[in-house]
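Number of protein chains: 2
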Amino acid sequence: MKKYQGYLIDLDGTMYRGSEKIEAAGRFVQRLVKHNISYLFVTNNSTRTPEQVAEKLRSFDIPATKEQVFTTSMATANYIEEIDKSATVYYIGEEGLQTALEEKGFRFAGENADVVVVGLDREITYEKLAVACLAIRNGAKFISTNGDFALPTERGFMPGNGALTALISTSTQVQPIFIGKPETIIIEQALKVIGSDKTETLMVGDNYDTDIAAGIRTGLDTLIVHTGVTSKEKLKEFREQPTYSIDSLDEWKF
Amino acid sequence: MKKYQGYLIDLDGTMYRGSEKIEAAGRFVQRLVKHNISYLFVTNNSTRTPEQVAEKLRSFDIPATKEQVFTTSMATANYIEEIDKSATVYYIGEEGLQTALEEKGFRFAGENADVVVVGLDREITYEKLAVACLAIRNGAKFISTNGDFALPTERGFMPGNGALTALISTSTQVQPIFIGKPETIIIEQALKVIGSDKTETLMVGDNYDTDIAAGIRTGLDTLIVHTGVTSKEKLKEFREQPTYSIDSLDEWKF
Numbered sequence: 001m002k003k004y005q006g007y008l009i010d011l012d013g014t015m016y017r018g019s020e021k022i023e024a025a026g027r028f029v030q031r032l033v034k035h036n037i038s039y040l041f042v043t044n045n046s047t048r049t050p051e052q053v054a055e056k057l058r059s060f061d062i063p064a065t066k067e068q069v070f071t072t073s074m075a076t077a078n079y080i081e082e083i084d085k086s087a088t089v090y091y092i093g094e095e096g097l098q099t100a101l102e103e104k105g106f107r108f109a110g111e112n113a114d115v116v117v118v119g120l121d122r123e124i125t126y127e128k129l130a131v132a133c134l135a136i137r138n139g140a141k142f143i144s145t146n147g148d149f150a151l152p153t154e155r156g157f158m159p160g161n162g163a164l165t166a167l168i169s170t171s172t173q174v175q176p177i178f179i180g181k182p183e184t185i186i187i188e189q190a191l192k193v194i195g196s197d198k199t200e201t202l203m204v205g206d207n208y209d210t211d212i213a214a215g216i217r218t219g220l221d222t223l224i225v226h227t228g229v230t231s232k233e234k235l236k237e238f239r240e241q242p243t244y245s246i247d248s249l250d251e252w253k254f
Numbered sequence: 001m002k003k004y005q006g007y008l009i010d011l012d013g014t015m016y017r018g019s020e021k022i023e024a025a026g027r028f029v030q031r032l033v034k035h036n037i038s039y040l041f042v043t044n045n046s047t048r049t050p051e052q053v054a055e056k057l058r059s060f061d062i063p064a065t066k067e068q069v070f071t072t073s074m075a076t077a078n079y080i081e082e083i084d085k086s087a088t089v090y091y092i093g094e095e096g097l098q099t100a101l102e103e104k105g106f107r108f109a110g111e112n113a114d115v116v117v118v119g120l121d122r123e124i125t126y127e128k129l130a131v132a133c134l135a136i137r138n139g140a141k142f143i144s145t146n147g148d149f150a151l152p153t154e155r156g157f158m159p160g161n162g163a164l165t166a167l168i169s170t171s172t173q174v175q176p177i178f179i180g181k182p183e184t185i186i187i188e189q190a191l192k193v194i195g196s197d198k199t200e201t202l203m204v205g206d207n208y209d210t211d212i213a214a215g216i217r218t219g220l221d222t223l224i225v226h227t228g229v230t231s232k233e234k235l236k237e238f239r240e241q242p243t244y245s246i247d248s249l250d251e252w253k254f
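Protein sequences, first through last, are from chains A and B. Position 137 of the first sequence, counted from 1, bears residue number 137 in the numbering used here, the numbering being contiguous throughout. Position 190 of the second sequence, counted from 1, bears residue number 190 in the numbering used here, the numbering being contiguous throughout.
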């Protein structure tokens, strides 16, 4: 196996399952630390701040600082900064998105914003949706943090940000730019943060349709671990296979 | 011109424009009354009760009782009654939908409802959407009062019920049954209420994509009046033409 300089690592299904610990995950990251290899946790969860994510990881004995967490909200803020540093932004979202946008110093606006960003917002209202639709009809660029259409919870599958985004794209007839996995933007932005070349970076995840697809599309080698969404059987159905597949992160050799 | 026994008449763009009176509309309906011809106002607006709609019409000097108003909420309630009289219902919607369902005596339920009905709800919350998604994933039949994706208002185009519905269909990956125009269900149900045969009934409206399309699909003769959405020029683009087209309802001869 190739020695990679950087690891981009998915969270749910890879580092833990909801509130359940995956024992091999902590050992895997501890070995990364021991070998002095850079790693960055890359998540489609737009609602949490990197501090909150790192804290959850540490609660599972996974070594993680906030600097090692890269959320789709951060990728979104970095992307907007690249295309228009002085853009005014209207967002729908929770603390993770708000914080990421504030940290980049964007000014916020309403119906006349230059950019509309939509992330999961469990305090959604008709007024918030109306302002987003009016701004997009006024010409604002429409960005969605991620297209996940359902969120697994203890109650069942709840509406995800892809569903919220579909409301706005259906009403305005404008399609958004999606940032999160399986899109390449979040991976391109993560590579800039981790600082390793794409040929030297491995994308690690449990979900073919998001983690592995994003890695393949961006030109990274990929490692699927069957501890979450995509089973060994299901994986066989895909034409483009990940570079590596394992049942447990304990199997991985550095 | 053929003598029709019944008229199904659209509201916005045909009887008035938003809060603006269309003078010929009152005269048209007064002539219907004079000729003793049955008429029923058929609207995709799910939020108002028939009493509220009739009151608005009377404020424009258009003769209208609540019995002469048929909303998509009423069509939805009638449709559910036909397919399963004892169904438990979870709905998202406003007073018009609530009243229509209550009048049919449906019992309401949550995640275990037999039927989920989605109508425009400007007090929408994440919890309401979540319950709808959970119920549909539990096997509830998914019905949407109408697919209008944008609502014209003085502020601009606001999200319509088609957009709200898209959130739920995207999250659940289940497509709803739509009741309102341009679907045939609302027209079939309206025919039952007005009691005239489809060959003896005329559909009158300003919008080709909803009113006229619904009439044609249901096998009715159709009359387009160019006082609202579809212009004379635009109408030429459609392959299937309405039976009649006029610039003002004053031109119509009974």
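Note that beta-carbon positions come from the ideal geometry of N, C-alpha and C, so glycine has one too. The structure presented is a predicted model; accordingly, all values stated were derived computationally and were not measured.
Query raised in the report: Which whole-angstrom value describes the C-beta separation of F41/B and V33/B, a residue pair presumed to lie in contact below a C-beta threshold of 8 Å?
Result: About 13 Å; that fails the 8 Å criterion.
Requested in this report: Only counting runs of 4 or more residues, tell me where the alpha helix (DSSP H) segments fall wholly within the region 81 to 163 of chain A, in order along the chain.
Outcome: 95 to 103 and 126 to 137
Query raised in the report: chain B partners of Y91/A, CB-CB under 9 Å?
Result: Those do not exist, as Y91/A stays about 16 Å from chain B at its closest Cβ, beyond 9 Å.
Query - Buried or exposed by the 16-neighbour rule on C-beta atoms within 10 Å, applied to K3/A - result: exposed
**Report entry** is_contact[I124/A, chain B] using C-beta, thresh 9 Å
**Finding:** yes
**Report entry** I187/B beta carbon less than 9 Å from that of L220/B
**Finding:** In this structure, the beta-carbon distance from L220/B to I187/B falls below 9 Å.
Report task. Can you give me, in chain order, the residues of the region 161 to 173 of chain A that have a beta carbon less than 9 Å from any beta carbon in chain E? Result -> No chain E appears in this structure, whose protein chains are A and B.
Requested in this report: Determine, using beta carbons only, whether D121/B comes closer than 9 Å to chain A.
Outcome: yes
**Report entry** Best match in S59/A, I92/A and R58/A for proximity to S46/A [C-alpha to C-alpha]
**Finding:** I92/A
Report task. Can you tell me the Cβ-Cβ gap for G160/B and F149/B, rounded? I've got them flagged as a contact below 8 Å. Result -> 5 Å
Requested in this report: Go ahead and pull the three-state DSSP assignment for V69/A.
Outcome: strand
**Report entry** Under the three-state DSSP convention, the category F178/A falls into
**Finding:** strand
Report task. Taking a Cβ distance cut-off of 8 Å, strictly less, list which residues of the region 178 to 211 of chain B are near chain A, in chain order. Result -> Of all residues in the region 178 to 211 of chain B, none has a C-beta nearer than 8 Å to a C-beta of chain A.
Query raised in the report: Residues of chain B with a CB under 7 Å from the CB of L249/A: which are they?
Result: Those within 7 Å of L249/A in chain B number zero; the least Cβ separation is about 31 Å.
Query raised in the report: Where does L11/B sit, in a helix, a strand or coil, going by DSSP?
Result: coil
Report task. Determine, using beta carbons only, whether R17/A comes closer than 9 Å to chain B. Result -> No, because no Cβ of chain B sits closer than 9 Å to the Cβ of R17/A.
Query raised in the report: Whole-angstrom Cβ separation of G13/A and F60/A, contact assumed at under 8 Å?
Result: Contact between G13/A and F60/A does not hold, since their C-beta atoms are separated by about 13 Å, which reaches or exceeds 8 Å.
Query raised in the report: Could you give the C-beta distance for V29/A and Y16/A, rounded to a whole number, given that I count them as a contact under 8 Å?
Result: That pair is no contact at about 12 Å.
Requested in this report: Using a Cβ-Cβ cut-off of less than 7 Å, give me the residues of the region 129 to 145 of chain B that come near chain A, in sequence order.
Outcome: L129, A130, C133, L134 and R137
Query raised in the report: In chain B, what lies closer than 7 Å to G110/A by C-beta?
Result: Those within 7 Å of G110/A in chain B number zero; the least Cβ separation is about 11 Å.
**Report entry** DSSP bridge partner residues for I246/A (one or two, in chain order)
**Finding:** V225/A, per the DSSP bridge assignment.
Query raised in the report: What three-state label does DSSP hand G219/B in the structure shown?
Result: coil
Query raised in the report: List, in order along the chain, the chain B residues whose C-beta lies closer than 7 Å to that of R155/A?
Result: L134
Query raised in the report: Run through DSSP, which three-state label would G195/B get?
Result: coil
Requested in this report: Compare the C-beta of A113/B against all C-beta atoms of chain A and say whether one is closer than 9 Å.
Outcome: no
Query - Cβ of P152/B within 9 Å of any chain A Cβ - result: Chain A has no Cβ within less than 9 Å of the Cβ of P152/B.
Requested in this report: Could you give the DSSP three-state label for T230/A: helix, strand or coil?
Outcome: T230/A carries a coil assignment under DSSP once its states are collapsed to helix, strand and coil.
**Report entry** Whole-angstrom distance between G105/B and I326/B, CA atom to CA atom
**Finding:** Within the shown structure, residues of chain B are numbered from 1 to 254, placing residue 326/B beyond reach of any answer.
**Report entry** Local Cβ density within 10 Å of K181/B, reported as buried at 16 or more and exposed below that
**Finding:** Burial is judged here by how many other beta carbons sit within 10 angstroms of a residue's own beta carbon; K181/B has at least 16 and is buried.
Query raised in the report: DSSP state of R48/B, grouped into three classes?
Result: coil
Query raised in the report: Relative to the alpha-carbon of D250/B, which residue among T230/B, K232/B, H226/B and K234/B has its alpha-carbon at the smallest distance?
Result: Taking only the C-alpha atoms, the option nearest D250/B is H226/B.
**Report entry** Environment of F70/B [buried if 16+ CB atoms lie within 10 Å]
**Finding:** buried
**Report entry** Backbone CA spacing between V204/A and F157/A [nearest angstrom]
**Finding:** 24 Å
Query raised in the report: In the structure shown, what three-state DSSP assignment does R239/A receive?
Result: coil
Query raised in the report: Would R122/B pass as a contact of E154/B if the rule is Cβ separation under 9 Å?
Result: no
**Report entry** Residue from E111/A, H35/A and V117/A with nearest C-alpha to M74/A
**Finding:** V117/A
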